[in-house]
Amino acid sequence: MKLKTLLISLVCLAVVFLISACSSPNDGGNNGVSNGSIVGTWEAGDTTLTFNTDGTYRQTVQGMIFDTGTYTASGGQCTMASNGGYTSTGSYHVSGNTLTGFTDGYGNQVTYTRP
Numbered sequence: 004m005k006l007k008t009l010l011i012s013l014v015c016l017a018v019v020f021l022i023s024a025c026s027s028p029n030d031g032g033n034n035g036v037s038n039g040s041i042v043g044t045w046e047a048g049d050t051t052l053t054f055n056t057d058g059t060y061r062q063t064v065q066g067m068i069f070d071t072g073t074y075t076a077s078g079g080q081c082t083m084a085s086n087g088g089y090t091s092t093g094s095y096h097v098s099g100n101t102l103t104g105f106t107d108g109y110g111n112q113v114t115y116t117r118p
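Written as structure tokens, this is what we have:
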């Protein structure tokens with residue numbers, strides 16, 4: 004079961020930023036993204052993402068460190084460079100204590116919340 008969860012989480016992280024929303028002509032090109040900060044800790048099930056102010060991130064699954072790296076986030080776009088050697092870019096939306104725009108390995112949108 005742990006292997007399945009870790010495998011799914013790896014696929015999730017690999018595609019987490021590959022889905023980008025298209026902006027509508029009247030939203031100023033910002034994809035409707037609020038000005039909320041991505042910095043902080045976000046949880047979805049047994050997965051936790053932490054974006055630090057120094058530009059580093061950490062992902063844990065079931066309390067174990069799964070991935071680390073660096074990120075840049077601006078205007079609803081985020082690029083993550085994993086210490087594992089891959090880079091992914093995509094859009095996100097922060098509203099209050101909710102972070103959306105990420106997808107799991109099956110293409111389903113995942114909503115993270117602040118703990």
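Here the sequence shown is numbered in the working numbering, starting from 4 and rising by one per residue. We treat Cβ as the ideally placed atom computed from N, Cα and C, and that holds for glycine.
Continuous beta strand (DSSP E) assignments of at least 3 residues falling wholly in the stretch 83 to 116
90 to 94, 96 to 98, 101 to 106 and 112 to 116
Euclidean distance between Cα positions of G110 and S91:
Stepping through the sequence shown from its first residue, residue 110 is reached at position 107. Stepping through the sequence shown from its first residue, residue 91 is reached at position 88. Roughly 15 Å between the two C-alpha positions.
Quick one: what's got a C-beta closer than 6 Å to L102's C-beta in the same chain, skipping five residues either side?
As a working note, residue 102 is residue 99 in the sequence shown. Answer for L102: W45 and Y115, listed in chain order.
Residue from Y89, T50, R117 and N86 whose Cα sits closest to the Cα of M67
Taking the first residue of the sequence shown as 1, we reach residue 67 at position 64. Closest option to M67, Cα to Cα, is T50.
Look at the alpha carbon of R117 and the alpha carbon of S98, and state the distance between them as a whole number of angstroms.
Translated into the one-based positions of the sequence shown, residue 117 becomes position 114. Translated into the one-based positions of the sequence shown, residue 98 becomes position 95. Spanning the two alpha carbons is a distance of roughly 11 Å.
To the nearest whole angstrom, what separates the beta carbons of F54 and T63, a pair I think is in contact under 8 Å?
The sequence position of residue 54 within the sequence shown is 51, counting from 1. The sequence position of residue 63 within the sequence shown is 60, counting from 1. Contact flag wrong, Cβ pair sits at about 13 Å.
With distance defined between alpha-carbon atoms, name the residue in G88, Q65, T75 and T73 nearest to G48.
Taking the sequence shown and counting its residues from 1, the one referred to as residue 48 is at position 45. Checked all of G88, Q65, T75 and T73; the closest Cα to G48 is Q65.
Nearest residue (CA-CA) to G87, options R61, C81 and Q112:
In the sequence shown, counting from the first residue as 1, residue 87 sits at position 84. Minimum Cα distance to G87 is reached at R61.
If A84 sits next to T71, beta carbons under 8 Å apart, how far is it from one beta carbon to the other, in whole angstroms?
Mapped onto the sequence shown, residue 84 falls at position 81. Mapped onto the sequence shown, residue 71 falls at position 68. Not quite, the Cβ-Cβ distance comes to about 10 Å (not below 8 Å), so this is no contact.
Helix, strand or coil at Q65 [DSSP, three-state]:
Counting from one through the sequence shown, the residue named residue 65 turns up at place 62. Note: Q65 maps to coil in three-state DSSP.
8 Å CB neighbourhood of P28 in its chain, flanking five on each side removed
Here residue 28 corresponds to residue number 25 of the sequence shown, with the count starting at 1. Note that P28 has pLDDT 35, beneath the 50 cutoff, so the model's placement of it is unreliable and the number below is only indicative. Hits under 8 Å: none found.
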